[in-house]
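As structure tokens, the structure follows; a few thoughts come after it.
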Amino acid sequence: MIRLTDLTKRYGKFVAVDAINLEIGRGELFGFLGPNGAGKTTTMRMIAGILQPTSGTVEIAGDDLARDPIRAKSRLGFIPDRPFVYDKLTGAEFLRFVAALYGQDGPAIERRMDELLDLFELTPWKDELVESYSHGMRQKLIISSALLHKPEVIVVDEPMVGLDPKGQKFLKELFRAFVEKGGTVLMSTHTLDTVEEMCDRIGIIAGGRILACGTVPEIRERFQGGDQNLEELFLKLTGGIIEREMDAILE
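Counting from 111, one number per residue, gives the positions in the sequence shown under the numbering used here.
Here it is as structure tokens:
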């Protein structure tokens, strides 16, 4: 459902993402892990079509993002780490605006909108301006907007930010139900416990390169991790790169 081939992003001489190759299948919840500045968000924004790659390709459900961006993007819902909404729109107006971007309107989309608002407990605030929403409510509205057009793939950056424990539990169940019905989720987070609990496979990225990819037991076996937990494996794999980057800064 997501295929990255030699995906690269450069800013001048700086290589933010370095020839990544990755394939995430239908019905899979994939965790994307890495320290700050590792290239996670840059990769996800290229998948979502927000950033243009320097080279390489992105395919969403078989559609090449560069060759057929409208069709590829119609299959994907993107949930950023920092929810951006228009404060002077109501929640319902914002969802109608998003639906229009996908060429959807009318009674069917109104029913879908009402279902999502009810699902995320936002119905009482449907006609209130978004400027009155809390951070958690904004996050729920953004998630609703990403699901509005019934995507096949969800790309989500730090999904639990701003959500209370009830909201976090609900979102975990929602993503699991989504993949069990054949959807695909690519999720980036720093919350390693959440990754171990939710994800079918993980990829660990640092310095713009994927260092390891597979299930936690597979990565543990490959890198001789013994009975190390995910946090210990993560630090083992990324520690050397972080130390080299610090040394370069301090020289």
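Here a beta-carbon is modelled for each residue, glycine too, at the ideal position from N, C-alpha and C.
Since we're looking at a predicted model, the values are computed, not measured.
Taken atom to atom, the span from the alpha-carbon of Arg185 to that of Glu262 is near 5 Å.
In this structure Leu257 touches Gly187 by the C-beta definition: roughly 6 Å separates them, less than 8 Å. In this structure the segment 151-162 does not touch the segment 226-238; the number of beta carbon pairs closer than 8 Å is below three. Taking each of Ile170, Leu175, Lys150 in turn and checking the Cα distance to Gln162, the smallest one comes out for Leu175. When beta bridges are read from the DSSP output, Met297 appears opposite Gly141, Val266. At a Cβ-Cβ threshold of 9 Å, Val295 and Val326 do not count as neighbours. The beta-carbon distance between Lys236 and Thr200, rounded to whole angstroms, is 7 Å. This is short enough to meet the 8 Å contact definition.
Residue environment: Gly317 is assigned as buried (16 or more neighbouring CB atoms within 10 Å of its CB, all protein chains considered). With a beta-carbon spacing of about 24 Å, Leu239 and Lys276 fall beyond the 8 Å limit used to define contacts. For the segment 305-332, the full-length beta strand (DSSP E) segments reaching 3 residues or more read 311-316, 319-324 along the chain. In the same chain as Tyr212, and ignoring 5 residues on each side of it, the C-beta atoms closer than 8 Å to its own belong to Ser184, Leu258, His259, in chain order. Taking every protein chain shown into account, the CB of Arg192 has fewer than 16 other CB atoms within 10 angstroms, so this residue is exposed.
For Leu227, the CB contacts under 6 Å within the same chain, skipping 5 residues up- and downstream, are Thr233, Lys236 in chain order. For Thr118, the enclosing beta strand (DSSP E) stretches over residues 112-121. Under DSSP, the beta-bridge partners assigned to Ile134 are Ile112. Proximity to Phe344 across Lys123, Glu331, Gly137, Pro145 peaks at Pro145, based on C-alpha coordinates.
Between the alpha carbons of Ser165 and Ile315 lies a gap of roughly 18 Å. A check of alpha carbon separations from Met270 across Thr299, Gly292, Ser242, Ser244 identifies Thr299 as the nearest. Arg330 and Asp267 have their C-alpha atoms roughly 25 Å apart. Note on geometry: alpha-carbon atoms of Thr167 and Ala182 lie some 12 Å from one another. Of the residues Pro190, Ser254, Ala218, the one whose Cα lies closest to the Cα of Val208 is Ser254. Boundaries of the alpha helix (DSSP H) harbouring Glu283: 275-290, taken from the DSSP string.
Nearest to Ala148 by alpha-carbon distance, out of Phe124, Ile170, Gln214, is Phe124. In this chain, Phe204 is not harboured by any beta strand (DSSP E); it is covered by the alpha helix (DSSP H) spanning 201-211. Taking a contact as a CB-CB distance under 8 Å, the pair Leu139 and Phe285 counts as one, their CB atoms being some 6 Å apart. Only residues of its own chain outside the window of five on either side were considered, and among them Gly159 have a CB closer than 7 Å to the CB of Pro179, listed in chain order. Looking only at Glu225, Lys150, Tyr243, Arg221, the smallest Cα-Cα distance to Val195 is reached by Tyr243.
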